[in-house]
Amino acid sequence: MGDSDTIFLKRFSLVIAVLVAITVVIIVIAVNTPGGVDPNANPSRLTLADERTLPVGAVRTELSAADLAAMAPPAPAAPVDPATIDGGAVYAQVCQACHMTGAAGAPVPGTDLWAERATKGLEQLAANAINGINAMPAKGGRMDLSDAEVTAAVEHMLGQ
């Protein structure tokens with residue numbers, strides 16, 4: 191070890207010793223200093239501290255009658271009388287967008303492609319319309335329609 195290394199280690203040890211001594215003095219002063227802030231001396235400060243440390247959310251353990259009613263499953267819809275369904279209106283609202291233009295390969299009523307599909311019969315065409323086929327989503331994407339409404343729309347298309 192060279193002279194410069196020995197000098198460095200002595201100085202480094204001296205710096206560490208001084209820092210340790212300063213730390214000890216600060217600790218002794220902090221422990222022996224009387225006072226500090228009495229948290230009970232200022233009640234509004236306590237209230238503010240309590241508000242700042244409240245939990246962000248809370249867990250509800252009790253449910254009201256309104257909460258229970260909101261969680262209940264909806265009543266089943268009344269069955270639709272097929273005789274009262276306007277298949278033309280359902281076609282105009284849901285089916286026409288694709289079946290009038292042939293979008294995504296939808297057969298246009300009155301064309302050879304539609305005539306070919308019509309040979310499958312109402313029952314098969316209605317089942318395909320209800321469950322979806324190829325690019326056509328189930329019920330034409332309108333899951334709020336009843337099976338009877340979809341069948342009425344298919345009947346309307348067969349009549350064209």
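Note that this note's numbering gives residue 196 to position 6 of the sequence shown, counting from 1, and the numbers run on in steps of one.
Note that CB positions come from ideal geometry on N, CA and C, so glycine has one too.
Just so you know, these numbers come straight off a predicted model, no measurement behind them.
- VAL298 and GLU345 have their C-alpha atoms some 14 angstroms from each other.
- Looking at the DSSP output, MET290 sits in no beta bridge, so it has no partner there.
- In the structure shown, the three-state DSSP call for ILE323 is strand.
- Counting other Cβ atoms within 10 Å of its Cβ, GLY330 reaches 16 or more and is therefore classed as buried.
- Here the C-alpha atom of ASN232 lies approximately 11 angstroms from the C-alpha atom of ALA239.
- Judged by beta-carbon spacing, LEU244 lies beyond the 8 angstroms limit of VAL284, meaning their Cβ atoms are not closer than that value.
- In this structure, ALA325 keeps its C-beta atom at 8 angstroms or more from the C-beta atom of GLY292.
- The distance from the Cβ of THR341 to that of ALA316 is about 4 angstroms, consistent with a contact at the 8 angstroms cut-off.
- Around the beta carbon of ILE212, a 10 Å sphere encloses fewer than 16 other beta carbons of the protein chains shown; the residue is thus reported as exposed.
- Around the beta-carbon of ALA262, fewer than 16 other beta-carbon atoms lie within 10 Å, marking it exposed.
- The C-beta distance from TYR281 to MET347 rounds to 6 angstroms, short enough to meet the 8 angstroms contact threshold.
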